[in-house]
Structure formats: C-alpha cells, structure tokens
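J.: Here's a structure for you.
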Amino acid sequence: MNKPLIFAHRGVKGTHPENTMIAFQEAERIGAHGIELDVHLSKDGELVVIHDETVDRTTNGVGLVSEKTVEELQALDAGSHKDPSFHEAKIPTLREVFIWLSTTNLQLNIELKTDVLHYPNIEEKVVALVREYHLSNQIAFSSFNHDSVSLLAEIAPEIPRAILYDTPLADPIAEANRREATGLHPNFQLLTKEFVQLAQGQGYVFRPYTINEYKDLQTMIDYGVDVIITDWPARAFELLS
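This is the structure:
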C-alpha cells in the first residue's frame, strides 16, 4: 500500500485553533510528518502566520493583517474562536515557528498568501529566514500566485516549491514546468490516478489539499499521492495502520 506522508493543515485544524503554536505542537504529538501553514506580512514587515487577509474570522479583532503591527496582532486572542479553552493562543510569527521547528524533524509547507494582496519582497523575506535557521531541507513553498513560485525558483532553487490550484488548469504539468515548480498542490477533487502517475513519472511531487473524509483519504492513498494535507491527521493514520 502507498504510504503518503501526512501533513497537518494549518496544524491540527480539526481539533485546535488553526495556525497557532498549540495546533503545530499537536501535529508533532500525534505523529504528523509535516505541517502546512500560511504567511502574510504585518504592517511593520514581519512574517506572520495566519490564513486570511483579515484577522476577523480567527481572532477577537477586526481589520487587515497588513494594517497591524506584530505587537497589535499578537495582542489578539487567536484561539477562542475554536474553543474558549484555547484563549491564550496567539498569532505566531514565522520566526517563532522556525525556532520551534528547528528542534523537530517535521517538514513544513509554507503557503505564501500573495494571491490577493501585494506584499513587497515577501518571497525574499521568507527565503532569508529559512536560510537563517538552516531549514532548507525541511521546507517546501507553495502559492496560488504562480508568479511567486517563479520568483522562489529564481532566488532559492534549492528549496522545493509548488503551484497551488483550486480550479482546473488547461495543463498543470506545463504550468509547473513554466514556473519551475517541483510539485503540484491541487484541490484533491481535481485529481485522477492516471494524472498523478503521469506527473510523478516526470518527477513532480503531489501534495493535494484538504482531504478530511475517510473515503477521500482512502482514494488519495490509492492514487499514490506523496503527501496528504488534512485537518484530521489521525483519520489518515487510522487508514494507514
């Protein structure tokens, strides 16, 4: 049986507040092979870990991430939206995640959230931080903005990078090749076993998202994908055991 690596989507999002240290630590505790997280830039140019362009959905604050300083962002409660018991959870900086990650063997998929807002030099900043902590062999980048993927290939060819896509592309392999991507991160519903095998045969790594139902997890295992990104890693491990 194919044994894909299991990545916790925004940490163990099914049970913990997404994109917080407690969710990432839970991923390590339950044996996930890796984590997927999202990165934006704060008003003062710091790399911060949050999914949305605004803080409204996942904190007790309102407004754009890019219009708040790190200090303002970290004053927010990033846990109570999941459960009041998580009220101490904060929005982490990517540096804080790296300090912790460097003590683990976990892999990390960093999604650069450059598809809605323009964050000047975010690609260079992320690469510089990865190199500062000597984490190149634990990291893979991804973005829905394929211009970011092209730029990452140029400035950090040693770090794997993938195109994200949520709707069908005319030719995903051609797009990956054009962008010098090393992997494909499609919505799992776009995949067929034949396409997975075709692209893997050309050297591309598959990390589809976000696979939560048992039947879909089993389908992705059967398709032979390299990584499964899920809110519920324990479900994937059940099927693989």
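FYI, the numbering for the sequence shown is 194 to 434, going by the working numbering.
Even for Gly, the Cβ is constructed at its ideal location relative to N, Cα and C.
Values in this document were obtained by computation on a predicted structure and should not be read as measured data.
With a threshold of 16 other CB atoms inside 10 Å of the CB of serine 341, please say whether the residue is buried or exposed.
T.: When all chains shown are included, serine 341 counts as buried.
J.: For histidine 339 and phenylalanine 381, I'd like the C-alpha separation in whole angstroms.
T.: Roughly 18 Å separates the two Cα atoms.
J.: Name the DSSP bridge partner or partners of serine 273?
T.: BP columns for serine 273 are empty, so no partner.
J.: Would you decide whether methionine 462 is buried or exposed? Buried here means 16 or more other CB atoms lie within 10 Å of its CB.
T.: Given a span of 194 to 434 for the chain in the structure shown, any question on residue 462 remains unanswerable.
J.: By DSSP's criteria, alanine 355 is part of a beta bridge. Which residues make up the other side?
T.: Its beta-bridge partners are Ser335, Gly376.
J.: Could you tell me the distance, in whole angstroms, from the CA atom of arginine 435 to the CA atom of aspartate 276?
T.: Only positions 194 to 434 of the chain appear in the structure, and residue 435 is not among them; the question remains open.
J.: Determine, using beta carbons only, whether isoleucine 303 and phenylalanine 334 come nearer to each other than 8 Å.
T.: Yes, the pair counts as a contact, with Cβ atoms nearer than the cut-off.
J.: Based on DSSP bridge pairs, tell me the residues matched to histidine 233.
T.: In the DSSP output, where bridge partners are listed per residue, histidine 233 has Val241.
J.: First and last residue of the beta strand (DSSP E) that includes glutamine 300?
T.: Counting along the chain, the beta strand (DSSP E) containing glutamine 300 begins and ends at 300 to 305.
J.: For the candidate residues Leu305, Ala349, Lys306, Tyr312, whose alpha-carbon lies nearest to that of arginine 324?
T.: Of Leu305, Ala349, Lys306, Tyr312, the residue nearest in Cα terms is Ala349.
J.: How many angstroms separate the CA atom of leucine 257 from the CA atom of glycine 394?
T.: For leucine 257 and glycine 394, the distance between alpha carbons rounds to 42 Å.
J.: By Cβ distance, which residues of its chain are closer than 7 Å to glutamate 260, with the 5 residues on each side in sequence left out?
T.: Lys236.
J.: Mapping the DSSP letters down to three states, classify alanine 346 as helix, strand or coil.
T.: The answer is helix: DSSP assigns alanine 346 an H, G or I state.
J.: Give every residue of the same chain whose Cβ lies closer than 6 Å to the Cβ of isoleucine 414, excluding the five residues on either side of it in the sequence, and list them in chain order.
T.: Asn195, listed in sequence order.
J.: Return the residue from the list Gln267, Gly254, Ser343 that minimises the CA-CA distance to methionine 214.
T.: Per the Cα distances, Gln267.
J.: How would you label isoleucine 292, buried or exposed, when you count the other beta carbons within 10 angstroms and need 16 or more for buried?
T.: Classification of isoleucine 292: exposed, given that the 10 Å Cβ count is below 16.
J.: Under 8 Å between the Cβ atoms of arginine 400 and phenylalanine 200?
T.: A contact, by the Cβ cut-off of 8 Å.
J.: How long is the line joining the alpha carbons of valine 418 and leucine 299, rounded to whole angstroms?
T.: The alpha-carbon atoms of valine 418 and leucine 299 are separated by roughly 19 Å.
J.: Going by Cα to Cα distance, which pick from Ala369, Pro379, Pro210, Tyr416 is closest to glycine 396?
T.: Glycine 396 has its Cα closest to that of Ala369, out of Ala369, Pro379, Pro210, Tyr416.
J.: Write down the C-beta distance between valine 309 and glutamate 246 rounded to the nearest angstrom, noting that I regard them as a contact closer than 8 Å.
T.: Indeed, because the Cβ distance is near 5 Å, the residues count as touching under 8 Å.
J.: Among Thr360, His327, Leu433, which residue has its Cα nearest to the Cα of tyrosine 402?
T.: Of Thr360, His327, Leu433, the residue nearest in Cα terms is Thr360.
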